[in-house]
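J.:
In my numbering, the protein residues as written are 42 to 183.
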């Protein structure tokens, strides 16, 4: 693995792993101050968020899923694009909620800065049906 490729994967994997600590800081770990968090498809109706907005959203979600984890799936080898400094990974989330287990699925694309150390854009492609049902059950505002 080339040094840049290794650094890009390290940044992405570290962000996924750190997420499980579910603190205001850990859910935005390894992100640049200007990082933007986006969720697709747009039909899910989730707005683009800054680090602070995303962290605040996740701290609200933590009340419902205090043990949420992101799990990199091994059925789909992460794609690492050195030229565009992007990592694409198949991810599931797991945790316990008052209304049953969390079992969401995503493809996440992380765009990383020039030296491969900070995420400048975090994109989630969510299972829109599952997400809409979860938001409704949880009574969350998107």
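All residues carry an ideal CB built from backbone N, CA and C; glycine is no exception.
Which residues does DSSP list as the beta-bridge partners of residue 164?
T.: Its beta-bridge partners are 79 and 150.
J.: Reducing DSSP to helix, strand and coil, say where residue 65 ends up.
T.: If DSSP states are grouped into helix, strand and coil, residue 65 belongs with coil.
J.: With DSSP run on the structure shown, which of helix, strand or coil describes residue 74?
T.: Note: residue 74 maps to strand in three-state DSSP.
J.: Rounded to the nearest angstrom, what separates residue 130 and residue 106 at their Cα positions?
T.: Straight-line Cα distance between these residues: approximately 22 Å.
J.: Helix or strand or just coil, what does DSSP make of residue 58?
T.: Helix.
J.: If you follow the alpha helix (DSSP H) that residue 100 is in, where does it begin and where does it stop?
T.: First-last of the alpha helix (DSSP H) with residue 100: 92-103.
J.: Could you tell me if residue 99 is buried or exposed, where buried requires 16 or more neighbouring beta carbons within 10 angstroms of its beta carbon?
T.: Residue 99 should be labelled buried.
J.: How many angstroms separate the CA atom of residue 213 from the CA atom of residue 44?
T.: Lying outside 42 to 183, the shown extent of the chain, residue 213 is not represented and no answer is given.
J.: Tell me the DSSP secondary structure of residue 144 in three-state form.
T.: If DSSP states are grouped into helix, strand and coil, residue 144 belongs with the strands.
J.: Can the beta-carbon of residue 126 be found closer than 9 Å to that of residue 181?
T.: Cβ distance not < 9 Å, so residue 126 and residue 181 don't count as in contact.
J.: From residue 139 to residue 145, what does the alpha carbon distance come to, in whole angstroms?
T.: Their Cα atoms are separated by approximately 15 Å.
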